[in-house]
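Here's the structure, in structure tokens; my notes come after.
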Amino acid sequence: MTVKDSIKNVLETNVGNFVSGGKLAEELGVTRQYVSILVSEMEKEGYDITSKSRLGYRLNALPDILSENTISRLTGCRVYYVKNVTSTNDFAIEKSWIAGDRITVSDEQITGRKKDGGDFPSPEGAGIYATITKHPEIGVSKIDEYRAACAEVVRKVLEDACGEKAETRDTDDIYMGGKKICGMLTECLFAPSSLTVGAVFVGIGIYTKEVPESSMERIRTGKVRNEIIADIYNGISAISL
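Counting from 1, position 219 in the sequence shown corresponds to residue 212 in our numbering; the numbering is continuous, with no gaps.
This is the structure:
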């Protein structure tokens, strides 16, 4: 983890409260001037930070900037952030040789896919494009049940984040106010020597900004994307079939 990432984690953990610049410098083994330079860089990246002498630095609100370190801190999971990618499912499947569960997130998908084979428009910064890779140790016959359980997690997370009732249709499409707000694409790798699932890739597409070429509605929530992704991952991790 870089020094800047460490500062981000401390400020995000203490959002709304001042953190001493001297304490940050001491704990990270750098100078106060270097901390000040990194905080200035963070402000240019979009972090809303108040600086006051004798008090230090205060992050006023969590920024809606996708962050490997933030999501990892909230989940304890390995996270891959790719600014733009063909699709998060494709990227995750290419990394299937890596052991353990993980999360892949991107600001833009070049060739996002729907479960019906169509294109899923994924313009930069307009939504949540994520794939959660899990190894649930379930039989092939449990795949549909697992898909439904994952969709129920997403439904509850979005319902809680938006403060509106949501419903699930067609196993794993999420609707709110009669309009689709989330599409999911679940793909699997199977263990060759048995009728069990080796890995499940749960792809999730949610718009947080308007996308004219899509029939999906955007969600309107006070939570930022990092928090929503973390809530979904933690919920899916708790699934037991």
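We put the CB at the ideal spot given by N, CA and C, even for glycine.
Quick one, which of the options has its alpha-carbon nearest residue i's?
{"i": "residue 182", "options": "91, 160 and 86", "result": "86"}
{"i": "residue 192", "options": "73, 130 and 173", "result": "130"}
{"i": "residue 126", "options": "77, 106 and 71", "result": "71"}
{"i": "residue 234", "options": "148, 195, 215 and 139", "result": "139"}
{"i": "residue 28", "options": "62, 95 and -5", "result": "-5"}
{"i": "residue 11", "options": "43, 22, 35 and 26", "result": "43"}
{"i": "residue 97", "options": "41, 65 and 149", "result": "65"}
{"i": "residue 18", "options": "76, 30, 222 and 180", "result": "30"}
{"i": "residue 200", "options": "117, 190 and 184", "result": "117"}
{"i": "residue 103", "options": "92, 91, 81 and 95", "result": "81"}
{"i": "residue 36", "options": "228, 69 and 0", "result": "0"}
{"i": "residue 51", "options": "180, 7 and 57", "result": "7"}
{"i": "residue 223", "options": "25, 176 and 146", "result": "146"}
{"i": "residue 128", "options": "32, 56, 47 and 189", "result": "189"}
Give a yes or no on whether the C-beta atoms belonging to residue i and residue j are separated by under 9 Å.
{"i": "residue 144", "j": "residue 166", "result": "yes"}
{"i": "residue 120", "j": "residue 39", "result": "no"}
{"i": "residue 114", "j": "residue 204", "result": "yes"}
{"i": "residue 88", "j": "residue 178", "result": "no"}
{"i": "residue 220", "j": "residue 4", "result": "no"}
{"i": "residue 93", "j": "residue 54", "result": "no"}
{"i": "residue 73", "j": "residue 95", "result": "yes"}
Under the assumption that residue i contacts residue j (Cβ atoms under 8 Å), give the Cβ distance between them as a whole number of angstroms.
{"i": "residue 172", "j": "residue 206", "result": "Not quite, the Cβ-Cβ distance comes to about 15 Å (not below 8 Å), so this is no contact."}
{"i": "residue 49", "j": "residue 105", "result": "About 41 Å separates the two Cβ atoms, so there is no contact after all."}
{"i": "residue 151", "j": "residue 174", "result": "7 Å"}
{"i": "residue 213", "j": "residue 59", "result": "Not really, about 19 Å apart at Cβ, beyond 8 Å."}
{"i": "residue 232", "j": "residue 123", "result": "Actually they are not in contact, since the Cβ atoms of residue 232 and residue 123 sit about 17 Å apart, beyond 8 Å."}
{"i": "residue 99", "j": "residue 78", "result": "5 Å"}
{"i": "residue 76", "j": "residue 34", "result": "With 8 Å as the limit, residue 76 and residue 34 do not qualify as a contact, their Cβ atoms being about 17 Å apart."}
{"i": "residue 216", "j": "residue 154", "result": "5 Å"}
{"i": "residue 168", "j": "residue 160", "result": "5 Å"}
Run through DSSP, which three-state label would residue i get?
{"i": "residue 204", "result": "coil"}
{"i": "residue 172", "result": "strand"}
{"i": "residue 190", "result": "strand"}
{"i": "residue 105", "result": "coil"}
{"i": "residue 160", "result": "strand"}
{"i": "residue 181", "result": "strand"}
{"i": "residue 74", "result": "strand"}
{"i": "residue 119", "result": "coil"}
{"i": "residue 216", "result": "coil"}
{"i": "residue 110", "result": "coil"}
{"i": "residue 221", "result": "helix"}
{"i": "residue 44", "result": "strand"}
{"i": "residue 211", "result": "coil"}
{"i": "residue 127", "result": "strand"}
{"i": "residue 14", "result": "helix"}
{"i": "residue 29", "result": "helix"}
{"i": "residue 89", "result": "coil"}
{"i": "residue 39", "result": "coil"}
{"i": "residue 58", "result": "coil"}
{"i": "residue 79", "result": "coil"}
{"i": "residue 23", "result": "coil"}
{"i": "residue 228", "result": "helix"}
{"i": "residue 195", "result": "strand"}
{"i": "residue 134", "result": "helix"}
{"i": "residue 8", "result": "coil"}
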